[in-house]
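K.L.:
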Amino acid sequence: MLRVHVGRLTGRDAEERGVEFVDAVKVPAVLRVRLGGPFRIGIVVGFHVPAASRRLPDTAVTRAQGLPETGEVDANIPLDSVFPVYTTYTIQEADVKAIGTTPTKPSEQAKKKYLPYTSLLEFLTERYHCDPAFLTKINKGLNLDNLKVGDEVRVPNVEPFKIEELPKQGNLPDRPEYKHRVIQINRAEKMLELKDGEKLIASVPITPGSGSGSTQTPPGKWKILGIAAMPNFRWDEGVLNHGVRTETFHLLPPGPNNPVGVLWIGLNKPGIGIHGTNSPQTIGRSASHGCMRVANWDVIRLSKLITKGMKVVIQ
15 MLRVHVGRLT
25 GRDAEERGVE
35 FVDAVKVPAV
45 LRVRLGGPFR
55 IGIVVGFHVP
65 AASRRLPDTA
75 VTRAQGLPET
85 GEVDANIPLD
95 SVFPVYTTYT
105 IQEADVKAIG
115 TTPTKPSEQA
125 KKKYLPYTSL
135 LEFLTERYHC
145 DPAFLTKINK
155 GLNLDNLKVG
165 DEVRVPNVEP
175 FKIEELPKQG
185 NLPDRPEYKH
195 RVIQINRAEK
205 MLELKDGEKL
215 IASVPITPGS
225 GSGSTQTPPG
235 KWKILGIAAM
245 PNFRWDEGVL
255 NHGVRTETFH
265 LLPPGPNNPV
275 GVLWIGLNKP
285 GIGIHGTNSP
295 QTIGRSASHG
305 CMRVANWDVI
315 RLSKLITKGM
325 KVVIQ
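Going letter by letter, the sequence shown gives residues 15 to 329 in this note's numbering.
1) Terminal residues of the continuous beta strand (DSSP E) containing T104?
2) Which word fits T116, buried or exposed, when buried means at least 16 other C-beta atoms lie within 10 angstroms of its C-beta?
3) With 16 as the cutoff for other CB atoms within 10 Å, does T321 come out buried or exposed?
4) Among M324, I328, Q329, which residue has its Cα nearest to the Cα of G211?
5) Near K126, what residues of its chain come up, given a Cβ to Cβ distance below 6 Å and the 5 sequence neighbours on each side ignored?
6) Quick check on S224: does DSSP put it in helix, strand or coil?
7) Using only the heavy atoms of the ligand ZN, determine whether one of them is closer than 8 Å to the beta carbon of Q123.
8) So who's on the other strand from H289, going by DSSP bridges?
9) Once the 5 residues before and after L135 are set aside, which same chain residues still bring their CB inside 8 Å of it?
10) In terms of DSSP beta bridges, what is E207 paired with?
11) Among T102, K119, G290, whose alpha-carbon lies nearest the alpha-carbon of I241?
12) Return the bridge partner residues of V326 from the DSSP annotation.
13) Spatial neighbours of D188 within its chain, please: C-beta separation below 6 Å, excluding the five flanking residues on both sides.
14) If we require 4 or more residues per run, which alpha helix (DSSP H) segments fall completely within the stretch 100-141?
15) Just to confirm, is the Cβ distance from V169 to D109 under 9 Å?
16) Residues bridged to G241 by DSSP?
17) How about I279 and L254: do their beta carbons lie closer than 9 Å?
18) Confirm, please, whether the CB-CB distance from L138 to V172 is below 9 Å.
19) Identify which residue in D312, W236, D250 has its Cα closest to the Cα of V283.
20) Taking only three categories from DSSP, how would you classify F175?
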């Protein structure tokens with residue numbers, strides 16, 4: 015059961031216990047740190063847990079442990095189980111060099127070789143799984159729009175998403191030992207679960223396609239055809255809106271601001287896959303064009319647990 019003590023120790027009591035109590039701002043960060051393993055809650059936004067993620071702590075984690083499900087986040091976790099909630103990150107020269115420009119129009123994006131982060135703030139929020147409002151709240155007095163080399167930024171104490179360590183562009187190697195595993199997609203709950211037999215081993219929030227026709231995530235049983243890192247993306251309005259390929263498309267280069275993010279898991283359904291995103295704040299909320307969008311940090315984590323040939327069941 016996940017519990018967060020809301021309050022504060024003072025003086026010697028806090029010092030002796032080495033525990034910082036949680037206020038309302040820290041609650042989502044606590045959940046993110048606690049669920050930093052295979053069971054993910056999505057992005058830390060503002061000062062609450064995203065609606066699509068509220069059931070995850072009790073449903074995924076307790077189910078994996080064989081415990082009863084309550085369907086709600088229990089707000090009474092001992093903070094010492096996640097302490098420290100925050101850490102600091104120092105801006106590096108390499109970080110600054112990695113920032114560039116990404117046009118908004120696909121026709122202009124197609125002219126570039128790479129679609130980079132457009133600011134250090136964007137770089138930090140993806141690296142530490144949070145949104146700008148939350149990062150601003152925990153860094154009072156620091157101008158996050160004017161960061162420079164050497165600046166120290168307070169961030170959630172999560173496993174950082176290190177884009178510089180991702181596989182180079184191309185197909186990931188097969189992992190035959192994982193071929194018996196199954197991905198289950200629950201479109202109503204907007205969740206992806208990875209199972210090994212009856213054992214639930216990972217769970218991440220997604221944004222599935224909605225509506226009907228080509229914009230709907232297709233129900234049924236499918237297979238993974240391949241997993242590609244740093245993919246290009248064929249931007250074709252005919253495919254996106256009507257499921258029909260046209261010759262008026264734009265081939266967008268790789269990068270964190272590519273519409274399909276940093277990884278593509280292709281299924282044996284033309285044009286359909288599980289992929290990253292350039293808008294992690296929309297995961298679990300808005301709709302996709304038939305595919306299943308996942309935060310970049312989650313889809314990379316997932317890629318280490320799956321392989322080509324696995325079954326994908328969409329419900």
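Note that beta-carbon positions come from the ideal geometry of N, C-alpha and C, so glycine has one too.
P.N.:
Judging by the given coordinates:
1) 100-104
2) buried
3) buried
4) Checking every option, the nearest Cα to that of G211 belongs to M324.
5) P267
6) coil
7) For the structure depicted, the ligand ZN is absent and the ligand set is empty, with no information on it obtainable.
8) W278, R307
9) P146, L149, L158, D159, L161
10) Q198, S217
11) G290
12) Answer is I197, W236.
13) T321, K322
14) 107-111, 120-123, 134-141
15) no
16) Sequence inspection shows Ile at residue 241; the Gly mentioned does not correspond to that position. Answer is I279.
17) no
18) no
19) The residue you asked about is not Val; residue 283 is Lys in the sequence shown. It is W236 whose Cα lies nearest to the Cα of K283.
20) coil
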